[in-house]
Amino acid sequence: AQSVTQLGSHVSVSEGALVLLRCNYSSSVPPYLFWYVQYPNQGLQLLLKYTTGATLVKGINGFEAEFKKSETSFHLTKPSAHMSDAAEYFCAVSDRDGGTSYGKLTFGQGTILTVHP
Amino acid sequence: KAGVTQTPRYLIKTRGQQVTLSCSPISGHRSVSWYQQTPGQGLQFLFEYFSETQRNKGNFPGRFSGRQFSNSRSEMNVSTLELGDSALYLCASSLGPTGGTDIQYFGAGTRLSVL
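As structure tokens, this is what we get:
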């Protein structure tokens, strides 16, 4: 079964500093990869996804992530943090096998990002 | 375009009761997935429906069930509620036919409290 590990349940940065949120997946066949953000009392919003092609993926709000097959990783970065980036971030995967992938995302445990002024 | 709408936003029930949650997907989306979010277990997949058929199911007991209507709206039902069913229940919709690459769009959730 797929599993996703997000290293660090809490990350704290200063405004303007680099944001790095880590995500590793477990499967031998690289899955489809997603990053979502959740603000308080809201649902999840897609930041970016990787399915195939270029391994550096750019998303909304200045975020990007790089797929590294050799490291089974898909870390999320942003060069300069804003106060509005404070939220919980989830890495998620979906199987490439059609049967088991329908509608199913497997999520990591989430990382709460705090941004200090 | 309207987003995914979940009703009600908040529910309080007592143990042993049953509950029905509703989800209206984005217009044109035919797939609806349901997730349970708790502080301890995180986000867990419940099931997915496409064109009124359940295509995928997570590891939850039979007390959790769902259905989808011809207009793609979906409901999930939890019978014989337990304290551990207290959670945020999220619904997500997607176009559906391709499965894994689809982007899922989430509603704001229904927060269920079981007393």
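Note that the protein sequences, when read in sequence, are chains S and G.
Throughout, the numbering used here is defined as the position within the first sequence, counted from one, plus 67.
Throughout, the numbering used here is defined as the position within the second sequence, counted from one, plus 1411.
Where a beta carbon is used, it is the ideal one built from N, C-alpha and C, also for glycine.
The ligand PLP heavy atom lying under 7 Å from the CB of residue i
i, result
"Val160/S", "As presented, the structure is devoid of all ligands, the ligand PLP included, so that no description of it is given."
Among the options, nearest to residue i - alpha-carbon criterion
i, options, result
"Leu87/S", "Val96/S, Ser95/S, Phe130/S", "Phe130/S"
"Lys116/S", "Phe174/S, Lys171/S, Phe141/S, Leu100/S", "Leu100/S"
"Arg1478/G", "Leu1499/G, Gln1465/G, Gln1452/G, Ile1514/G", "Gln1465/G"
"Leu113/S", "Pro1450/G, Gln1515/G, Arg1474/G, Pro1419/G", "Gln1515/G"
"Tyr156/S", "Leu143/S, Arg163/S, Ser168/S, Asp162/S", "Leu143/S"
"Ala1519/G", "Thr122/S, Val104/S, Lys125/S", "Val104/S"
"Val182/S", "Gln73/S, His149/S, Phe174/S", "His149/S"
"Thr119/S", "Pro98/S, Ile127/S, Leu111/S, Gly110/S", "Pro98/S"
"His1440/G", "Ser1476/G, Asn1482/G, Gln1455/G", "Asn1482/G"
"Phe174/S", "Lys1412/G, Leu1454/G, Leu1432/G", "Leu1454/G"
"Thr1425/G", "Leu1494/G, Ala1413/G, Lys1412/G", "Leu1494/G"
"Leu1432/G", "Ala1413/G, Thr1449/G, Ser1476/G", "Ser1476/G"
"Tyr1500/G", "Leu1506/G, Val1489/G, Gly1507/G", "Val1489/G"
"Lys136/S", "Pro146/S, Thr122/S, Ser76/S, Lys145/S", "Thr122/S"
"Gln1452/G", "Pro184/S, Ser140/S, Gln176/S", "Gln176/S"
"Ile1437/G", "Thr1449/G, Gln1428/G, Val1415/G, Pro1450/G", "Val1415/G"
"Phe147/S", "Tyr92/S, Gln73/S, Pro184/S, Ser93/S", "This sequence places Ser at residue 147/S; Phe is not what is there. Out of Tyr92/S, Gln73/S, Pro184/S, Ser93/S, Pro184/S has the C-alpha closest to the C-alpha of Ser147/S."
Any chain G beta carbon closer than 8 Å to residue i
i, result
"Tyr169/S", "yes"
"Gly75/S", "no"
"Gln69/S", "no"
"Thr118/S", "yes"
CB-CB length for residue i against residue j, believed under 8 Å
i, j, result
"Cys1502/G", "Gln1417/G", "5 Å"
"Cys158/S", "Val71/S", "5 Å"
"Leu1422/G", "Leu1523/G", "5 Å"
"Phe1517/G", "Gly110/S", "3 Å"
"Lys171/S", "Ser161/S", "7 Å"
Whole-angstrom distance between residue j and residue i, CA atom to CA atom
i, j, result
"Gly83/S", "Ala154/S", "16 Å"
"Val1430/G", "Ala1498/G", "13 Å"
"Asn1442/G", "Gln69/S", "In the sequence under discussion, the amino acid at residue 1442/G is Ser, which differs from the Asn named in the question. The alpha-carbon atoms of Ser1442/G and Gln69/S are separated by roughly 21 Å."
"Thr1521/G", "Phe134/S", "33 Å"
"Asn108/S", "Arg1420/G", "10 Å"
"Phe1461/G", "Asp1513/G", "13 Å"
"Asp1496/G", "Trp1445/G", "14 Å"
"Glu1486/G", "Ser151/S", "34 Å"
"Tyr1492/G", "Arg1474/G", "Checking the displayed sequence, the identity of residue 1492/G turns out to be Leu instead of Tyr. Cα-Cα distance, rounded: 8 Å."
"Val80/S", "Val1525/G", "37 Å"
"Lys125/S", "Trp102/S", "11 Å"
"Ala132/S", "Lys1468/G", "29 Å"
Per DSSP, the bridge partner or partners of residue i
i, result
"Asn1467/G", "Glu1459/G"
"Leu180/S", "Val78/S, Ala154/S"
"Ala68/S", "Per DSSP, none; premise fails for Ala68/S."
"Ala159/S", "Phe101/S, Phe174/S"
"Asn91/S", "Thr72/S, Ser140/S"
"Arg1478/G", "Glu1486/G"
"Tyr1446/G", "Phe1456/G, Leu1501/G"
"Phe130/S", "Answer is none; Phe130/S lacks a bridge partner."
"Lys1412/G", "Partner(s): none; Lys1412/G has no beta bridge."
"Ile1423/G", "Ser1524/G"
Any C-beta of chain S under 8 Å from that of residue i
i, result
"Asn1467/G", "yes"
"Gln1515/G", "yes"
"Thr1418/G", "no"
"Thr1521/G", "no"
"Ser1433/G", "no"
"Gly1518/G", "yes"
"Glu1362/G", "There is simply no residue 1362/G to check, as chain G begins at 1412 and stops at 1526 in what is shown."
"Ser1490/G", "no"
"Gly1453/G", "yes"
"Leu1501/G", "yes"
"Thr1512/G", "yes"
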